[in-house]
Structures are given as structure tokens and as C-alpha cells.
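These notes concern the structure reproduced below.
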Ligand code: NAD
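In the numbering used here, the protein residues as written are 117 to 373.
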């Protein structure tokens, strides 16, 4: 038995969508690397080099030393604020317009799915759209706060109470936003196909979502550069760049209509 070619794998993924009634996409940092935003686990990303994740990216670390968080997040924020959706985000939005995708669940905070035109998006780890004072809970425009920080390099403080302002991203040690998580679980239970893109599936509880999809009967398609712990549950696994493989799936679906 010869291994399937890339074209055969792409055609099989397209057929799964064609036969499905409720498609859901689950994405991680790898969907955005071709927009210039590094992921966390690829060896060359550099985001964890010389830092203790629990010191810089946990809620305890943030409360104790907000400068540590802001210094660490600076390169990521700089790239995120200037990033544009790539061909993978656009292909996911196209799958929704074609009627094959009903919802997107993302671990990303970069808002690129909404910029590409996807409409129902569950952002499990928050986003940079807003930022909140951790003392009086006043909400601010997150992009304004980050742009000011990137210019003046000073930890943002609340003009009302002088509390520290934190972007609405979920740090280690914080609960996932309950409405986003429940919404994501609901669409996952309804899905009959789940496309998983650019995630190491190592960050729980988000990584439980594909397992839930498989357990409740969905067929899984995984597109990732590296292997993942869910590969053995998937009907189709394609090791490739999301910005190349996803447009190929859209192209195959266009040929089938
Ligand atoms: P991860 O860094 O753990 O894994 C990324 C995966 O994507 C890797 O397995 C890698 O092989 C794959 N990958 C990288 N580039 C790819 C490409 N072009 N095409 C296909 N696959 C590619 O990411 P994760 O699983 O999302 O977990 C990391 C956490 O970091 C998440 O909680 C996320 O919130 C956060 N994060 C978000 C961003 C963002 O918003 N863009 C960026 C970095 C980290």
C-alpha cells in the first residue's frame, strides 16, 4: 500500500466537508505564523527563550511584576498589532461563506479570524481588542493601550484609579472565559467534521476540544507542521503549511460544486 499523496489527502479532506452538515474549525498559533506572529512551541519562535513562563505569562506573575509581562509580550504585541490575515484565515472564512463551516474556535489572541471575515468565533484565550484595569475593572480599547505601551514603553495604568491595565488575554492560572468555553463545547458537540489547524494540542483545557469532537462523532482533519497527540484520532492528517493546504481544500470543494 503506497502512502497517499498530498493531493489525495486534500481531496479526502474536501470530501469530508462535502458530506458534512456542521463543520467547525479549531485553530492555534500555527495558523498565524505566516502572518508574521511566532507560535510558542516551534524551536525557532524564541518566545520562551531565557524566560520562566510562570513568571512572565501567569496571572500571579502579572500581579507581582507587570513589567516582566509587558517586556516579554512586547515583540508579540508589536507583530500582532501590525499583522494581516494570511491565506489560511481567508480560506477558513471562505469555507464559512460556502456553507461548510458553522463556527471557528481559536486559541489565538490576534483577532485575525475576524479580520478575515469569519463570523462566529469563540476566542478561548481572549483577545487584544480590550484591556481591563485589574483594580477597578474599567474596560479600555486594547489596541490603543498596546500601541501607547509600544511607543512609551511604560506599563499602562488606569487613569481613574491608577491600577495596572491588563490586556484581555488569558494568562496561565486564569480560568477560560466561561461563555466562550461553553459556546465552543456546544458547537463541538454538534459538529460532524472538525478541522484542526496549527496547534500542538498541548495547552489544556483547549486541547480537550478535539477529543470532545471525536468522542461525540465528528471526523477530524488535522493540518499541522508537526505531529500532534490527536493524530491517531484523525481521519486525515496533513503535515504542511496552513496557508498552502487550506486554499487547496477550498479549491477542491469549488471543483466539486
Ligand atoms: P503552539 O505554539 O503550541 O503550537 C503551534 C503548532 O503549529 C506547532 O505544532 C507547529 O508545528 C504548528 N505550526 C507552526 N506554523 C505552522 C504553519 N505555518 N502551518 C501549520 N502548522 C504550523 O500553539 P497552540 O497550540 O496554539 O498553543 C499555544 C498558546 O499560545 C495558545 O494558547 C495561544 O493562545 C498562544 N499563542 C497565540 C498566538 C496568536 O494569537 N497568534 C501566538 C503565539 C501563542
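Ideal Cβ positions, reconstructed from N, Cα and C, are used throughout, including at glycine.
Could you check which residue in 357, 300, 365 has the C-alpha nearest to that of residue 222?
-> Between residue 222 and the set 357, 300, 365, the nearest pair of CA atoms involves 300.
Can you tell me the Cα-Cα spacing of residue 143 and residue 371, whole angstroms?
-> Computed Cα separation, rounded: 25 angstroms.
Can you grab the Cα-Cα spacing for the pair residue 226 / residue 287, in whole Å?
-> Approximately 15 angstroms between the Cα atoms of the pair.
Where does residue 176 land, buried or exposed, given buried means 16+ other C-beta within 10 angstroms?
-> Answer is exposed; the Cβ neighbour count stays below 16.
Ends of the beta strand (DSSP E) at residue 255?
-> Run containing residue 255: 255-257, per the beta strand (DSSP E) assignment.
Return the residue from the list 341, 344, 310, 343 that minimises the CA-CA distance to residue 328.
-> Among 341, 344, 310, 343, the Cα nearest to that of residue 328 belongs to 310.
Check whether the stretch 148-155 touches the stretch 200-210, counting contact only when three or more Cβ pairs, one atom from each stretch, lie closer than 8 angstroms.
-> With a cut-off of 8 angstroms on Cβ pairs, the stretch 148-155 is in contact with the stretch 200-210, counting three or more such pairs.
8 angstroms Cβ shell around residue 128 - same chain, five flanking residues per side excluded = Scanning its chain for C-beta atoms nearer than 8 angstroms, with the 5 sequence neighbours on each side dropped, one finds around residue 128 the residues 120, 351, 352, in chain order.
Report the residue from 253, 229, 124, 171 whose alpha carbon sits nearest the alpha carbon of residue 141.
-> Taking only the C-alpha atoms, the option nearest residue 141 is 229.
Are the beta-carbon atoms of residue 344 and residue 325 separated by less than 8 angstroms?
-> No, they are not a contact pair.
DSSP on residue 289, reduced to helix/strand/coil?
-> It is coil, neither helix nor strand.
Span of the beta strand (DSSP E) holding residue 355?
-> Judged by DSSP secondary structure, residue 355 falls outside any beta strand (DSSP E); it is assigned neither H nor E.
Start and end of the alpha helix (DSSP H) containing residue 231?
-> 228-232 is the extent of the alpha helix (DSSP H) around residue 231.
Any contact of the stretch 244-255 with the stretch 272-283, i.e. 3+ C-beta pairs under 8 angstroms?
-> Because the criterion of three Cβ pairs below 8 angstroms is met, the stretch 244-255 and the stretch 272-283 touch.
What residues match up with residue 239 in a beta bridge as DSSP calls it?
-> Listed as beta-bridge partners of residue 239 by DSSP are 222.
Is residue 343 helix, strand or coil when you go by DSSP?
-> Reduced to three states, the DSSP call for residue 343 is coil.
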